[in-house]
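**Student:** Got a structure for you, questions after.
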Amino acid sequence: MEEKGLPLIGDTAPAFTAQTTHGEVNFPDDYQGKWVVLFSHPADFTPVCTTEFMTFASMADQFKALNCELIGLSIDSNYSHIAWARTIEQKIEFKDMKNVHIGFPIIADLTMDVAHKYGMLHPGSSSTHAVRATFIIDDEAMVRAILYYPQSNGRNMDEILRLVKALQTADEHGVATPANWQPGDEVIIPPPPTDTIAAERMEGAGEGYRCLDWFLCLKKL
0 MEEKGLPLIG DTAPAFTAQT THGEVNFPDD YQGKWVVLFS HPADFTPVCT
50 TEFMTFASMA DQFKALNCEL IGLSIDSNYS HIAWARTIEQ KIEFKDMKNV
100 HIGFPIIADL TMDVAHKYGM LHPGSSSTHA VRATFIIDDE AMVRAILYYP
150 QSNGRNMDEI LRLVKALQTA DEHGVATPAN WQPGDEVIIP PPPTDTIAAE
200 RMEGAGEGYR CLDWFLCLKK L
């Protein structure tokens, strides 16, 4: 199998056709105009993955509100995925979550085709289990963010949701977001490209924005 390597931020997300728990998925054609969080996990019926899937599923409506769909993946069969999802819904209670229905598709990637295309296999970790990779892909099928977690530690889904919100806010308003930004916080105005504009920026501070210095100005949306 040809090793595709890791798609980078700004690359077009690799296309694929795969069988899932919701039938065949053709990506990106089936998701035109939508944002996507594509995430892999090491294996079905594993404890950390179970807590992750329950948390993602419980937050699915919050992602949908951002025009963002979830797609899971592991190197397991569709039958294994179905059995695991049914076990989660019927038997597992975690924190305040119980009877959680996994309402998003899970890719059956026994051939490891999708995992190879997205660089989800790290030989130093395992040659047959995907690491905890997360790709945030925008509505034009461009990779916008990539997060990797080891097998021993679960992801922070609140951060993934926050990052989707931050990316969409930056796109819509032509701004950047500072550390620990949350919706409603100040955003960063792009730095001035010339000395003249920098001086004008500083002179105009206080009229809808504030400057900590010429290169760091913030405003409320």
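Taking numbering that gives the first Met the number 0 as reference, the numbering of the sequence shown is continuous, increasing by one, and the terminal residue is 220. Idealized CB from N, CA, C, for every residue including glycine.
Give a single yes or no on whether Asp29 has its beta carbon closer than 8 Å to a heavy atom of the ligand COA.
**Tutor:** Of ligands this structure carries none, so the ligand COA is not represented either.
**Student:** In whole angstroms, give me the CA-to-CA distance for Glu227 and Val174.
**Tutor:** This structure gives no information on residue 227, because the portion of the chain shown stretches from 0 to 220.
**Student:** What's the C-alpha gap between Met0 and Asn77?
**Tutor:** For Met0, the predicted structure reports a pLDDT of 41, less than 50, and the residue's modelled location is therefore unreliable. A value from the coordinates is still provided. Near 21 Å, if we compare the C-alpha coordinates of Asn77 and Met0.
**Student:** Report the partner residues of Met141 according to the DSSP bridge assignment.
**Tutor:** Met141 pairs with Thr11.
**Student:** Whole angstroms is fine: what's the gap from Arg209's alpha carbon to Cys216's?
**Tutor:** So the alpha carbons of these two residues sit roughly 5 Å apart.
**Student:** What separation, rounded to the nearest whole angstrom, lies between the Cα atoms of Val225 and Ile136?
**Tutor:** The chain is shown only over 0 to 220; residue 225 falls outside these bounds and no answer can be derived.
**Student:** Return helix, strand or coil for Asp75, following the three-state DSSP convention.
**Tutor:** Coil at Asp75, not helix or strand.
**Student:** Taking Cβ to Cβ, would you say Ile74 is nearer than 9 Å to His128?
**Tutor:** A contact, by the Cβ cut-off of 9 Å.
**Student:** Measuring CA to CA, which of Gly9, Ser151, Ala132, Thr110 is closest to Met119?
**Tutor:** Cα-wise, what sits closest to Met119 is Ala132.
**Student:** Where in the region 75 to 124 do unbroken runs of the alpha helix (DSSP H), each at least 4 residues long, occur, reported from the N-terminal end onward?
**Tutor:** Fully enclosed alpha helix (DSSP H) runs of 4 or longer: 77 to 90, 112 to 116.
**Student:** In three-state terms, what does DSSP make of Ser57?
**Tutor:** The answer is helix: DSSP assigns Ser57 an H, G or I state.
**Student:** Taking DSSP's pairing of strands, which residues face Ile187 in a bridge?
**Tutor:** In the DSSP output, where bridge partners are listed per residue, Ile187 has Ala175, Leu217.
**Student:** In the DSSP assignment, the alpha helix (DSSP H) including Thr195 goes from what residue to what residue?
**Tutor:** Element bounds for Thr195: 194 to 202.
**Student:** Could you check if Ile8 is buried or exposed, using at least 16 other CB atoms within 10 Å of its CB as the buried criterion?
**Tutor:** Ile8 comes out exposed.
**Student:** Hey, Glu51 and Gly153 are a contact pair by Cβ (cut 8 Å); roughly how many whole angstroms apart?
**Tutor:** Right, the Cβ-Cβ distance comes to about 5 Å (below 8 Å), so this counts as a contact.
**Student:** So the candidates are Pro46, Thr176, Leu72, Ala12; which of them puts its Cα closest to the Cα of Phe103?
**Tutor:** Taking only the C-alpha atoms, the option nearest Phe103 is Leu72.
**Student:** Counting Cβ pairs closer than 8 Å, one from the region 49 to 66 and one from the region 147 to 163, do we hit at least three?
**Tutor:** Touching, per the Cβ criterion.
**Student:** Between the Cα of Met53 and those of Lys218, Ala14, Asp112, Lys90, spot the shortest distance and give me the residue it belongs to.
**Tutor:** Of Lys218, Ala14, Asp112, Lys90, the residue nearest in Cα terms is Lys90.
**Student:** Reducing DSSP to helix, strand and coil, say where Asp29 ends up.
**Tutor:** Residue state, collapsed to three classes: helix.
**Student:** Taking only the alpha-carbon atoms, compute the straight-line gap between Ala204 and Gln181 and give it to the nearest angstrom.
**Tutor:** One C-alpha to the other measures close to 23 Å.
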